[in-house]
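First the structure, in the form of structure tokens, and then the observations on it.
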Amino acid sequence: MDIHTTIAGFRAALQGAGRVAFVPTMGNLHEGHVTLMRQAKPLGDCLASSLFVNRLQFGPKEDFGTYPRTFAADCEKMAAVGVDHLFAPDEKEMYPAPQAYFVSPDAAQADILEGEFRPGFFRGVATVVMKLFSIVQPQVAVFGKKDYQQLMIIRNLVREFALPIAIVPGETVRAEDGLALSSRNGYLSAAERAEAPRLYRALEAVRQGVRAGERDLARLEQGAMAELRAHGWIPQYVAVRKQLDLQLPAAHDSGLVVLGAALLGSTRLIDNLEV
Ligand code: PAF
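Under the working numbering, the first residue of the sequence shown is numbered 1277, with each subsequent residue one higher.
This is how it looks when you write it as structure tokens:
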């Protein structure tokens, strides 16, 4: 695997590399990332990845400073799964001056759910992804469904700016007890780790309720939040939405997804299940 720290070096290396499949990351890789890379590998002539902890998508009180940086271990995992080119710029290379131009997704999509609790998050994500797309110029990029709203926003960004990139969704990878793999799981204490799958189980109960024909979605959502609260969590939202645009479903809409976010101790976990 070739590691590039400059935009110019990375672009030069990709000249003539053929069809590029791309998986962007912020590092601290786990099996979820590796699965996305395995999925992306046969989609191109060459597999490119990026490793950049993007300051723009962290709020002032969030964990930008402490976000785990595990460069050597990440490189080993990427090389083992067949990444050909890694773009790993430092902050100065990505943002030589404070970023003054941004991609701001529509509030109806970006200020709900995650965006309500993480103001500016999707502006930061959309801006860095646009910049990475401009640097990498992939033909295909794989994004995990674990970040369901992010996936929707990237799909819309590509469509609205007519970028010639196919966005391919990757399934969420779970531990045996159901917990969705996430870099932030590493923040959990042993006791919190044992408690953490309750979020998945609470969303599963909502999914079963919807499948069983329960149409009072608010009742299902409130029930899941109460269950989490009863076990010491601080739920932020549990919401049944339309898969396509994450807006409220009308009666008898199908193609739904249950999404949730909750704090367990000081760790914020998110998850979702398609119905
Ligand atoms: O999902 C992530 O890891 C990040 O949001 C991404 C897409 C790499 C942008 O920084």
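Beta carbons are placed, not taken as given, at the ideal position from N, Cα and C, and that holds for glycine.
query, result
"V1482 beta carbon less than 8 angstroms from that of V1449", "no"
"Extent of the continuous alpha helix (DSSP H) to which H1309 belongs", "1307-1316"
"Counterpart residues of E1550 in DSSP-defined beta bridges", "V1533"
"For D1278 and F1397, the rounded distance between their alpha carbons", "30 angstroms"
"H1507 classed as buried or exposed, judged by whether at least 16 other C-beta atoms fall within 10 angstroms", "exposed"
"Three-state secondary structure (DSSP) of S1325", "strand"
"The ligand PAF heavy atom lying under 7 angstroms from the CB of Q1333", "yes"
"C-alpha gap between G1335 and V1299, whole angstroms", "24 angstroms"
"Simplified DSSP assignment, three categories, for D1350", "helix"
"Stretch-stretch touch, CB-based, cutoff 8 angstroms, three pairs: the region 1470-1489 with the region 1318-1337", "no"
"Three CB pairs or more closer than 8 angstroms across the region 1371-1383 and the region 1306-1315", "no"
"Cutoff 6 angstroms; reference L1305; Cβ partners in own chain excluding five residues on either side", "D1350, K1353"
"Buried or exposed (CB count within 10 angstroms, at least 16 for buried), K1422", "buried"
"Distance cut-off 7 angstroms: V1516 Cβ against heavy atoms of the ligand PAF", "no"
"Same chain only: Cβ atoms within 8 angstroms of V1486, ignoring 5 sequence neighbours per side", "L1493, L1496, V1516, L1532, V1534, V1551"
"I1279, DSSP secondary structure in three states", "strand"
"Closer than 7 angstroms: P1395 CB and nearest the ligand PAF heavy atom", "no"
"With 16 other Cβ atoms within 10 Å as the buried cut-off, status of D1453", "exposed"
"Neighbour-count burial assignment, R1394, 16 or more Cβ in a 10 Å radius", "buried"
"Residue environment, P1372, which counts as buried when at least 16 other CB atoms sit within 10 Å", "exposed"
"Pair within 8 angstroms by beta-carbon distance, A1297 and P1414", "yes"
"Alpha helix (DSSP H) runs contained entirely in the region 1379-1464, provided each spans 4 or more residues", "1383-1386, 1390-1393, 1397-1412, 1424-1436"
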